[in-house]
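Chains as they are written, first to last, in this note's numbering: chain X, 1 to 405; chain H, 406 to 773; chain C, 774 to 1067.
In this text, a Cβ means the ideal position worked out from N, Cα and C, and glycines have one as well.
Below is one structure, written out as structure tokens; the observations come after it.
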Amino acid sequence: MTASTRPVGGTILTPAAKALLVLAVLGGAVGLYRLTQGLGATTAMNDGYPWGIWIAFDVAVGTGLASGGYALAFVVFILNRGRYHRLVRPALVTSLLGYAMAGVAVMFDLGRYWSVWRIPTHPGSWNGNSVLLEVALCMMAYTAVVFLELGPAWLEGLSASRRPERAQLAARWLPRAEKALPFLVALGLLLPTMHQSSLGSLMMMAGHKLHPLWHTALLPLHFLFTAFVMGFAVLYFESTFTGAAFKRPLETRLLARLGKYVAGVIIAFVVVRFVGLAVEGKAGLLVGSGLFSFLFWTETVLLLAAAALFLRPQTHLRPDQQLQAALLSMAGAALYRVDTFLVAYNPGNGWSYFPNVPEILFTLGLIATETFLYVLVVRKFPILAGVTPAPGRAVPAGLKQGATT
Amino acid sequence: MPHTVVAEATALSRRDFVKVCTAAAAAVGLPAWAGEKMAEQVAKGKKPSVIWLHYQECTGCTESLLRANAPGVGELILDLISLDYHETLAAAAGYQFEATLESTMKENAGKYVLVVEGSIPLKDGGVYCYVGGEKAIDTLTRVAEKAAAVIAIGSCASWGGIPSASPNPTGAVGVSQALKGKPVVALPGCPANPYNLLGTVLQFATFGTLPALDDKGRPLFAYARVIHEDCPRRAHFDNGRFAQAFGDPGHRQGWCLYKLGCKGPQTHANCSLLNFCELPGAWPIGLGHPCIGCTEQGIAFNVPIHQNMPIDKPTAPMAYPGVNPPQGHQSLIAVGVAGLVVGAAAGAGYAASRKLAVPPGQGTKKED
Amino acid sequence: MTVSRRHALKVLGSAAFAAAAAPVMAEARSARPSGPDDLGLLFDTTRCVGCRACVTACREANKKPADVVMIGGAPYDAPLDLNGSTLTVVKAWTAGGRSGYVKAQCMHCADPACASVCMMGALHKGPRGVVQYDVDRCVGCRNCQIACPFNVPKFEWGSNTPQIVKCELCRHRWAEGKGPACAEVCPRGAVVSGSRPQLLAEARRRLAATPDAYQGGIYGATTGGGTACLYLSAVGFGPLGLPGLSDEPVPALVETVQHGIYQGAVIPLVLFGAFAAVTWKNHRSARPGQEDES
């Protein structure tokens, strides 16, 4: 596919990009304030709700939405559906940026962020029972793996450089990057399987503090399901977004064939969830738990509506319905994760929490930064497929054959 | 004593005398046997010679000393100590009087106790206070040099007091600042409680030691605790019952004066435990006025009398949190912002999908 | 309606765990027992008069500043709950027209959830069963706060170098031959310290002496896998704010599930091998004549 991937090119600082930068700067200001004044002064987090939206949204939802690379890699490399290959690079870029932003959020959320280097470097202190340790190590490793998976793209970007030493570097490393790919892909499949499921296990320890509709031994499986749902949904979102933003042809027909996978995962998730609740004897909570019943059904309805849309034959031809289905499934899965981490979590002892304005601004700033960087990367590197090459930016002939990502 | 400069002596029986000593010892927290020991020492003629110097002050400390009853002033200055030089109490005057200072210093060199009342001006070479034609700082330095112990009585002598209040026109300082390097016992107060002086002097006279001092030179027996800790109105504080204004029902019922500016929580002194001149309640809080913090450097004459201040060592109120007290803050603005963000995202998603809507036939054509 | 370990096994066994979870042959994780020398506290609501000597003594012993709260315009040391400067607190309970006081502090679980989740073991079981904190191994993730069923570990939100704060049973005073300061100053024996077996014996003695004075037995004897701090109550434990836990240690469920899924590092390695093999095969076969460019 690389034969047809090209940098989009064009101006970086469009008005929209400037608006994103304004949000990013606002978020950065909040980050600076947090670094100088501390968490208590900046956020509404408290001893009852030690994890706010920076974890529940930026990390739990953010990395879920960054599972596009994972979900797609599963379809392309394990189920061997090569036709989706053209979606791989943009999906990996969203994954990389999503995980990087989650990492940034974590660094600002950690009380003692300067000690974080000890985690990867002190294996002697690792607590083998700690789910969070596994999540942390896996996420660090996965971010590196995604970066390396994109190695060919970076190198191709370099090889187009006018400076000969950069082009030489690229020529030397491209074949090696290609060879390593199956192993990187396998790692890129294993690590999210581990940490996305463990994100769910993380909240299992909350025990009685998590509402029983969410607290189940199936949490790891549920989080794996939602990772796939959000990952697929992001593929739609991002494909449509780049199509509209860069005036590229939409990939409606290609995406249409992906619909059955998304719908399948959603239905599997809903079924497993209901069966799990029934086995655990919690079916009665589905009604009569007030807000929590409502939230549960909202998640379920959003997801099922998305599944229904994905399965409708008309949707296969209509980008608007595809986008709607993607957004509905994203919303449903994201709500499930936010509920698990925050809304359905009640520590008791009279505690309450709602994110304050700085927390919201910081999260918006991260999203804006991520979007800006995405646009920057696809403009500068050969990520997106199927664009007529910009004049004068042709890839050197020698690189065309080797590049097969 | 050759230089008996004070008024007529009254002879005391030994029995009465021991009683007086015991009362004085008890007042400052010494055991009863200390009083007997004092009496013994005095009977042996070992009364401590005391030189009392006045500088920038109001003589309030002397006045309050004169109003002590047990021992009364007569017993005190004739029987317990030998007050050899005191400007206010001296019968003599002029050159004759000043000569007693020199002779006392000579006869008791290295043995006398120096008590200083009032602050010492240092500005402009110390010209703002002359006594007997000599600058305050000069007499002080000269007399202190041969003193066995130096006691600063009152807030002025302890750290400058009223004369040192801003803008401190004379550059007034306390004795310890004027006599650098010399240990000085500070007995701040406006006025100082005379029993704190008696106790210090008698301990020195009897045992040759000075009481344990805090970091500001104040004897711990009198200044270790803040007024707040032993305040008779403390129960009202603990229960949150505060006089809100002078004369309001709370004030009339003797409620806590903290909100009227009471400095009790910062002020180290034993006013509530040791009555001034044996008069119960004869101190500011006892009379319904907040403590002004006269024994605390930086409070009295520096902080407005009725200004409310923080509490150094907060204690628990007579109220308990519930098992599940409401905790955590939620801002309505944040709820609004969050609603806007979620709403905007949902709206933008819907609007974007509407924009993409094309008649079914054309959708396929758009693809590459 | 919390999930028990047995339940989890049932669910895990019955649910089809497609790609992620290989066949789960999870062995039920055995609870970690408390030691005979474990130090603990026994609190008795029937004796506490709410004097808060324990709170004051705790502050002094642990050099924690007062938690200043303005009440009616005056500052008081009035913590609402355990917090970054408060290792123990006395709260008032009411139940059925009765009222009284309850002291809260770390329960020093035999099998603590906070230590189970702690990435680097900053919170860990130390000598005499004390759940203790080592700031050098803490990154401030606050997972312990999420995990603790009693909401005990507290975070110094106001600090730029925050630490987790919790009762460590005054272990810094052991060298001086002293035990927990709170028990030392209690004027009514409402909180006493001692080894866990001693405390259990004392609790049973009190229960036997005046059985009518108490309800609900001994909280912590087996609750949550056993805690070193035990409670006796006149009104049961719900009104005291103590959660109704089963006898299973809190970490048991998660550790059973996680270790069940992972089987050490075996399952991840197997998965990696499988992924790599399939990818390699597909990658090779896909190279010529790719269908994806259509």
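- For Pro624/H, the pairing in a beta bridge is given by DSSP as Leu618/H.
- Judged by beta-carbon spacing, Arg112/X lies within the 9 angstroms limit of Pro935/C, meaning their Cβ atoms are closer than that value.
- At a beta-carbon threshold of 8 angstroms, the residues of chain X lying near Ala886/C are Met205, Gly207, ordered along the chain.
- Counting along the chain, Phe147/X sits inside the alpha helix (DSSP H) bounded by residues 131-149.
- If you draw a straight line from the Cα of Phe147/X to the Cα of Thr298/X, it comes to about 36 angstroms.
- Ala233/X sits close to Ala326/X, with the two beta carbons spaced by under 9 angstroms.
- Residue environment analysis places Gln735/H among the exposed positions, since fewer than 16 neighbouring C-beta atoms fall within 10 angstroms of its C-beta.
- Boundaries for Phe1010/C: no beta strand (DSSP E) harbours it, and the DSSP string shows neither H nor E there.
- If you draw a straight line from the Cα of Asp850/C to the Cα of Arg832/C, it is about 11 angstroms long.
- Closest in alpha carbon position to Asn129/X, among Ile1034/C, Ala830/C, Gln878/C, is Ile1034/C.
- Under the 9 angstroms criterion on CB atoms, Asn356/X is classed as non-interfacial with respect to chain C.
- Using beta-carbon distances, Ala44/X counts as an interface residue toward chain H, with a partner under 9 angstroms.
- The beta-carbon distance between Leu235/X and Leu761/H, rounded to whole angstroms, is 16 angstroms. This is too long to meet the 8 angstroms contact definition.
- Taking 9 angstroms as the CB threshold, Leu860/C stays off the interface with chain X.
- Counting the other Cβ atoms within 10 Å of the Cβ of Phe651/H gives fewer than 16, which makes it exposed.
- Within its own chain, the residues whose Cβ lies closer than 6 angstroms to the Cβ of Ala868/C, once the five positions on either side in sequence are excluded, are Val1008, Pro1012, listed in chain order.
- Classified as buried, Ala674/H has 16 or more neighbouring CB atoms from the shown chains inside 10 Å of its CB.
- Judged by DSSP in its simplified three-state form, Thr996/C adopts helix.
- If the five residues before and after Leu545/H are omitted, its C-beta is found closer than 8 angstroms to the C-beta atoms of Leu458, Tyr460, Val521, Ile525, Val580, Ala583, Leu584, all from its own chain and listed in chain order.
- The Cβ neighbour count for Asp811/C, taken over all protein chains shown within 10 Å, is at least 16; the residue is labelled buried.
- For Val76/X, the closest C-alpha among the options Phe241/X, Glu134/X, Tyr261/X is that of Tyr261/X.
- Residue-level contact by beta carbon holds for Gln37/X and chain C, with a gap shorter than 9 angstroms.
- Looking from the CA of Trp351/X, the closest CA among Val8/X, Gly52/X, Thr36/X, Ile12/X belongs to Gly52/X.
- Looking at the DSSP output, Pro212/X bridges to nothing.
- At a cut-off of 9 angstroms between beta-carbon atoms, Tyr755/H makes contact with chain X.
- Per DSSP, Pro220/X lies in no beta strand (DSSP E); the unbroken alpha helix (DSSP H) holding it starts and ends at 219-245.
- Excluding its 5 nearest sequence neighbours in each direction, Leu155/X has C-beta neighbours in its own chain below 7 angstroms: Ala170, Trp173, Leu174, Ala177, listed in chain order.
- For Lys864/C, the chain H residues whose C-beta falls within less than 7 angstroms of its own C-beta are Tyr725, Pro726, Gly727, Val728, listed in chain order.
- The three-state secondary structure of Thr5/X, taken from DSSP, is strand.
- The Cβ atoms of Val606/H and Ile486/H lie closer than 9 angstroms to each other.
- Using a Cβ distance threshold of 9 angstroms, Gly990/C and Ala1025/C do not count as a contacting pair.
- Each residue's CA atom was taken as its position, placing Phe626/H and Cys426/H some 18 angstroms apart.
- Judged by DSSP in its simplified three-state form, Trp173/X adopts helix.
- Annotation: Thr614/H to Gly703/H spans about 29 angstroms, alpha carbon to alpha carbon.
- For Lys718/H, the nearest beta carbon of chain C is closer than 9 angstroms to its own beta carbon.
- Chain-order list of chain C residues neighbouring Tyr663/H: Gly846, Ala847, by C-beta distance under 9 angstroms.
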